[in-house]
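Chains as they are written, first to last, in the numbering used here: chain E, 240 to 585; chain L, 240 to 585; chain H, 240 to 585. We put the beta carbon where it would ideally sit given N, CA and C, even for glycine. First the structure, in the form of structure tokens, and then the observations on it.
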Amino acid sequence: MSESAKTNPGNFFEDFTVGQVIEHATPRTVTEGDRAVYGSLYPTRFAVPSSAEFAASVGLAPHPVEELIAFHIAFGKTVPDVSLNAVANLGYAECRFHQPVVPGDTLRTSSEVIGLKQNSNGRSGVVYVRSTATNQRGEVALEWARWVMVHKRDSGAAAPEVVVPDLADHVAPTDLVVPTGLDFSGYDFVAAGEPHRFGDYAVGERIDHVDGVTLTDSEHQQATRLWQNTAKVHFNAEARPDGNRLIYGGHVISMARALSFNGLANAQLIAAINAGAHTAPAFAGDTVYAWSEVLDSAEISESVGALRLRLVATKGRDESMTLRGDDGKYAAGVLLDLDYWALIPR
Amino acid sequence: MSESAKTNPGNFFEDFTVGQVIEHATPRTVTEGDRAVYGSLYPTRFAVPSSAEFAASVGLAPHPVEELIAFHIAFGKTVPDVSLNAVANLGYAECRFHQPVVPGDTLRTSSEVIGLKQNSNGRSGVVYVRSTATNQRGEVALEWARWVMVHKRDSGAAAPEVVVPDLADHVAPTDLVVPTGLDFSGYDFVAAGEPHRFGDYAVGERIDHVDGVTLTDSEHQQATRLWQNTAKVHFNAEARPDGNRLIYGGHVISMARALSFNGLANAQLIAAINAGAHTAPAFAGDTVYAWSEVLDSAEISESVGALRLRLVATKGRDESMTLRGDDGKYAAGVLLDLDYWALIPR
Amino acid sequence: MSESAKTNPGNFFEDFTVGQVIEHATPRTVTEGDRAVYGSLYPTRFAVPSSAEFAASVGLAPHPVEELIAFHIAFGKTVPDVSLNAVANLGYAECRFHQPVVPGDTLRTSSEVIGLKQNSNGRSGVVYVRSTATNQRGEVALEWARWVMVHKRDSGAAAPEVVVPDLADHVAPTDLVVPTGLDFSGYDFVAAGEPHRFGDYAVGERIDHVDGVTLTDSEHQQATRLWQNTAKVHFNAEARPDGNRLIYGGHVISMARALSFNGLANAQLIAAINAGAHTAPAFAGDTVYAWSEVLDSAEISESVGALRLRLVATKGRDESMTLRGDDGKYAAGVLLDLDYWALIPR
Chain E
240 MSESAKTNPG NFFEDFTVGQ VIEHATPRTV TEGDRAVYGS LYPTRFAVPS
290 SAEFAASVGL APHPVEELIA FHIAFGKTVP DVSLNAVANL GYAECRFHQP
340 VVPGDTLRTS SEVIGLKQNS NGRSGVVYVR STATNQRGEV ALEWARWVMV
390 HKRDSGAAAP EVVVPDLADH VAPTDLVVPT GLDFSGYDFV AAGEPHRFGD
440 YAVGERIDHV DGVTLTDSEH QQATRLWQNT AKVHFNAEAR PDGNRLIYGG
490 HVISMARALS FNGLANAQLI AAINAGAHTA PAFAGDTVYA WSEVLDSAEI
540 SESVGALRLR LVATKGRDES MTLRGDDGKY AAGVLLDLDY WALIPR
Chain L
240 MSESAKTNPG NFFEDFTVGQ VIEHATPRTV TEGDRAVYGS LYPTRFAVPS
290 SAEFAASVGL APHPVEELIA FHIAFGKTVP DVSLNAVANL GYAECRFHQP
340 VVPGDTLRTS SEVIGLKQNS NGRSGVVYVR STATNQRGEV ALEWARWVMV
390 HKRDSGAAAP EVVVPDLADH VAPTDLVVPT GLDFSGYDFV AAGEPHRFGD
440 YAVGERIDHV DGVTLTDSEH QQATRLWQNT AKVHFNAEAR PDGNRLIYGG
490 HVISMARALS FNGLANAQLI AAINAGAHTA PAFAGDTVYA WSEVLDSAEI
540 SESVGALRLR LVATKGRDES MTLRGDDGKY AAGVLLDLDY WALIPR
Chain H
240 MSESAKTNPG NFFEDFTVGQ VIEHATPRTV TEGDRAVYGS LYPTRFAVPS
290 SAEFAASVGL APHPVEELIA FHIAFGKTVP DVSLNAVANL GYAECRFHQP
340 VVPGDTLRTS SEVIGLKQNS NGRSGVVYVR STATNQRGEV ALEWARWVMV
390 HKRDSGAAAP EVVVPDLADH VAPTDLVVPT GLDFSGYDFV AAGEPHRFGD
440 YAVGERIDHV DGVTLTDSEH QQATRLWQNT AKVHFNAEAR PDGNRLIYGG
490 HVISMARALS FNGLANAQLI AAINAGAHTA PAFAGDTVYA WSEVLDSAEI
540 SESVGALRLR LVATKGRDES MTLRGDDGKY AAGVLLDLDY WALIPR
């Protein structure tokens with residue numbers, strides 16, 4: 240009887256080289272089932288992904304799924320190759336949604352290594368990748384950059400040349416992709432749930448989204464599996480000394496986005512993610528709340544505006560909506576600081 | 240930096256006026272995904288919603304989803320406007336299903352205020368609404384009345400004129416809507432799971448449905464989210480002093496209906512809900528059982544009969560099937576007392 | 240007021256006779272929703288069921304669901320008639336998948352009693368059945384034999400003649416059904432996730448699948464309900480003295496199969512199950528790991544090979560991959576010993 244080593248150990252820091260392109264495994268067809276499971280896991284009520292009729296009334300047919308469904312699926316594919324040996328996911332940038340994803344679309348993802356920087360301790364380093372998800376027609380569905388701290392297999396391995404990519408602080412409004420046919424001129428604000436349009440939001444305005452959701456292990460596991468994300472810490476209570484399952488950061492993103500309906504019901508579509516930080520771990524039993532800040536705004540077309548929003552998830556409600564303390568560090572309880580562009584009727 | 244108040248505080252008692260019509264937000268397209276998630280949350284085995292082939296064999300194509308899926312979706316839409324500030328949901332009446340709901344249908348709901356009665360304490364009042372869910376063709380899918388006790392925002396606000404609507408004790412058999420094409424003459428009792436037909440049930444007969452299901456927080460949260468029901472107490476362990484999440488009454492209705500298969504397998508379709516009372520709260524860890532009582536029966540067509548059934552859900556099994564104690568109050572353990580009409584082969 | 244006994248008590252040992260055919264209730268239409276819920280409950284990443292594009296590229300269109308979805312649905316139908324009063328599920332044999340099951344297919348199951356053997360204690364006996372699931376066209380989708388120990392209703396009932404069927408130790412490679420059109424000649428190993436093909440696996444080789452999943456009550460209940468499996472012990476914490484819900488053995492099968500992706504990513508299709516034993520109970524909180532052993536191999540067509548695999552699920556990881564102790568008994572921690580044939584590119 241022989242033993243084999245056919246299983247995937249993941250890549251370590253010294254396995255990456257700048258310019259390397261990784262084709263990630265397991266293409267995935269999106270279905271109406273994904274929409275339903277997503278709706279059972281997050282309290283989403285945005286009218287476009289909820290109603291095929293509403294979506295068609297603003298020019299979107301067939302019926303798109305939430306951008307975050309596409310994001311989580313596409314992102315999950317990168318985990319076995321990029322972040323199986325990650326210490327931490329450090330950030331996102333330049334994420335753009337190029338077209339709506341609809342049931343029947345099949346997504347696959349590839350990543351290019353765009354930067355490497357070994358840590359001074361010699362035991363790990365930061366890997367920068369730009370990932371692109373394409374559909375069955377070979378068209379880009381979405382793309383994003385992220386950087387992640389990865390263990391070295393061998394701390395004695397030589398450090399690579401330092402390459403730190405030049406990533407935009409945020410996606411410029413002129414680079415936002417508006418879905419073909421999108422037209423908010425006949426938008427039904429009553430059906431959508433709130434009267435507030437583009438011009439009703441002021442830069443600097445903050446919105447406490449009021450509602451909270453207490454997290455459970457079953458739910459975050461189901462969500463994370465749906466994205467075929469294989470990171471052990473989310474599923475295996477034996478993988479951490481404290482016996483807790485660490486909740487996938489994307490679960491907090493989706494929860495906060497869904498909660499943001501209450502005050503941002505018309506911020507229907509996510510056009511880009513400018514930046515994102517998971518600032519503290521979340522576990523079952525935590526109650527997640529959210530607040531938003533309007534960072535910027537831009538007129539996109541006659542009927543479409545874009546709001547640049549900071550979406551903050553907190554453990555426990557913080558009616559003061561405090562992002563950072565006097566020391567400049569994230570305030571206690573802040574779980575997520577996400578900077579994104581949403582499309583909203585003018 | 241300014242603050243905003245764009246979030247929905249819900250309506251308080253003094254915000255309602257008799258005759259007012261509220262168009263509820265977020266139209267919702269029903270999909271095969273809803274059927275699957277429902278089947279993962281409730282032990283349903285009724286042949287019509289389980290099998291497209293069986294449904295077609297009784298004249299129902301395309302393949303309808305369970306009436307309760309339509310009910311929960313349509314009901315959920317009313318919560319942000321009608322019962323966000325509710326003290327208690329007091330009752331249902333005159334709920335009729337006008338046509339089967341099938342995947343691809345998009346439901347929206349509107350409600351008319353049909354009654355108001357301030358409580359003597361001056362701090363709350365009862366609001367009566369008649370709600371109607373229509374599909375993408377503007378046809379009525381279902382309608383119902385309910386009344387709910389709602390907080391006042393300001394206890395000093397003047398009491399409105401008392402209007403208490405005249406609601407039927409039960410839907411008359413002649414008012415039941417039989418789905419177009421429904422024909423039980425070729426009904427396959429073996430495939431359906433039990434041999435009992437209309438004539439085998441006697442008024443007064445009680446059926447102990449035997450099986451029990453222990454509730455979990457993840458499951459009731461997933462169900463309630465699927466219906467886009469936003470009531471805080473179902474999702475937020477910090478919203479109640481005891482730290483428990485109160486289970487949506489509709490979760491108990493669906494669980495009891497699914498359990499009733501065992502003894503009522505041929506009561507395939509719900510045609511009307513005559514009355515309903517959630518008599519005690521349910522929480523994760525409770526084990527729910529059900530029993531039914533035949534209240535009445537009516538011949539509808541050559542192949543279709545209707546049974547008027549009392550469906551009782553209990554915490555813990557009560558083989559004595561006791562609804563009320565000697566004091567006339569609901570017996571300990573009774574969670575739900577639901578009065579409905581089901582269609583069954585003659 | 241009368242009482243009725245319309246509920247299903249299940250069959251007891253003395254209710255079965257050799258040659259008896261039972262048509263099981265509740266035909267069930269498979270949908271894309273089932274695929275999504277399955278993907279939320281098991282960490283499956285096999286490219287064929289994940290991607291309609293990938294499946295079509297190997298000749299499988301429309302897009303098949305996992306064979307285990309079909310198996311669990313077909314198996315679940317037998318529970319109310321065969322194993323509601325079971326002491327234990329003793330084994331499986333001769334399970335063959337005759338054609339892929341695709342969304343829109345409706346499955347029904349019938350069983351023939353092929354053997355009976357009363358236990359010496361006179362209180363129970365072993366029932367052998369061969370079950371066949373057919374689709375809406377009357378074609379066989381899958382078939383299997385199983386034997387189960389069932390309580391007697393009356394220990395004084397006469398023992399039937401002993402009939403023990405002759406069941407094959409394993410399905411012969413020549414009896415495996417290869418799906419019409421299956422062609423692995425253009426197989427995309429990068430998309431599938433691993434480079435290992437038929438010839439890379441040696442008989443006797445063992446593969447530790449590394450990853451573990453901690454089980455929850457909500458998840459196993461949801462899975463088991465999805466299959467309309469009615470066994471009380473899976474759902475009712477009051478049905479067992481220890482207050483635990485026993486996890487459906489099929490949940491462990493699906494979990495182990497999904498985990499086996501890591502090392503067997505190209506073992507895309509299950510063609511047959513040769514044997515299976517649930518060797519210990521599993522409960523919420525257990526962390527399930529898996530390992531496989533290559534038992535045999537067979538060339539099937541120019542592009543398709545078959546591996547006969549032992550799939551072992553364990554509670555806690557056993558890197559030694561020990562099936563049995565020196566005493567010949569299953570090692571502590573072994574939950575499942577499943578013997579199956581998988582189709583893999585040559």
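- Contact of L/Lys471 with chain E by beta-carbon distance below 7 Å involves Asp450.
- For the segment 409-431 of chain H, the residues whose beta carbon sits under 8 Å from a beta carbon of chain E are, in order, Val429, Ala430 and Ala431.
- In the DSSP assignment, L/Asp439 falls outside any beta strand (DSSP E) and carries neither an H nor an E.
- Rounded to whole angstroms, E/Pro248 and E/Val365 show a C-alpha spacing of 18 Å.
- Inter-residue distance for H/Cys334 and H/Leu548 is about 14 Å (C-alpha atoms, whole angstroms).
- With a threshold of 16 other beta carbon atoms within 10 Å, E/Asp344 meets it and is buried.
- By the neighbour-count criterion, in which 16 or more other beta carbons inside 10 Å mark a residue as buried, H/Pro339 falls on the buried side.
- Taking a C-beta distance under 9 Å as the contact criterion, H/Gly489 and H/Leu307 qualify as a contact pair.
- In this structure, the beta-carbon distance from E/Val573 to E/Leu498 does not fall below 9 Å.
- Look at E/Arg464 here: in three-state DSSP terms it is helix.
- Under the Cβ criterion of 9 Å, E/Phe293 is counted among the residues facing chain L.
- About 13 Å separates the CB atoms of E/Tyr569 and E/Leu577; that is not less than 8 Å, and the two are not in contact.
- Contacts with chain H at 9 Å (Cβ-Cβ) include E/Gln460.
- Within the segment 276-351 of chain E, the complete beta strand (DSSP E) segments at least 3 residues long are 325-336, listed from N- to C-terminus.
- Between the segment 386-399 of chain E and the segment 351-369 of chain E, the count of Cβ pairs shorter than 8 Å is three or higher; the stretches touch.
- Counted as a single uninterrupted DSSP element, the alpha helix (DSSP H) harbouring E/Arg496 occupies residues Gly488 to Leu498.
- Under the criterion of beta carbons closer than 8 Å, H/Ala332 and H/Ala510 do not qualify as touching, at roughly 15 Å.
- Contact holds between the segment 341-355 of chain E and the segment 310-322 of chain E, because three or more Cβ pairs, one in each stretch, are under 8 Å apart.
- Look at the segment 252-267 of chain E: the residues with a C-beta under 7 Å from a C-beta of chain H are Glu262, Ala264, Thr265, Pro266 and Arg267.
- In the three-state DSSP reduction, E/Ser394 falls in the coil class, being neither helix nor strand.
- With a cut-off of 8 Å on Cβ pairs, the segment 262-272 of chain E is in contact with the segment 417-436 of chain H, counting three or more such pairs.
- Setting aside the 5 residues that flank it on each side, H/Thr270 is surrounded in the same chain by Pro342 and Gly343, each with a C-beta closer than 8 Å to its C-beta; the list follows chain order.
- A Cβ-Cβ contact shorter than 9 Å links E/Asp450 with L/Phe474.
- For H/Asn475, the neighbours in chain L by C-beta distance under 8 Å run, in chain order, Asp450, Gly451, Val452, Thr453 and Thr526.
- Where L/Val260 is concerned, the enclosing beta strand (DSSP E) starts and stops at Val260 to Glu262.
- For H/Ala431, the uninterrupted alpha helix (DSSP H) segment begins and ends at Phe428 to Ala431.
- Cα atoms of H/Ala523 and E/Thr469: separation of roughly 20 Å, rounded to the nearest angstrom.
- Contact between the segment 395-404 of chain H and the segment 539-556 of chain H is not established, with fewer than three Cβ pairs separated by less than 8 Å.
- Beta-bridge partners of E/Gln357 (DSSP): E/Gly364.
- At a cut-off of 9 Å between beta carbons, H/Val276 contacts chain E.
- Where H/Asp576 is concerned, the enclosing beta strand (DSSP E) starts and stops at Val573 to Pro584.
- L/Leu548 is bridged by DSSP to L/Val533 and L/Tyr579.
- Per the Cβ contact rule, the segment 271-291 of chain L is in contact with the segment 271-283 of chain H (3 or more Cβ pairs under 8 Å).
- Between the C-alpha atoms of E/Leu508 and E/Tyr579 there is a straight-line separation of about 10 Å.
- The Cβ of H/Thr345 sits closer than 9 Å to at least one Cβ of chain L.
- A straight line joining the alpha-carbon of H/Asp557 with that of H/Phe428 spans about 29 Å.
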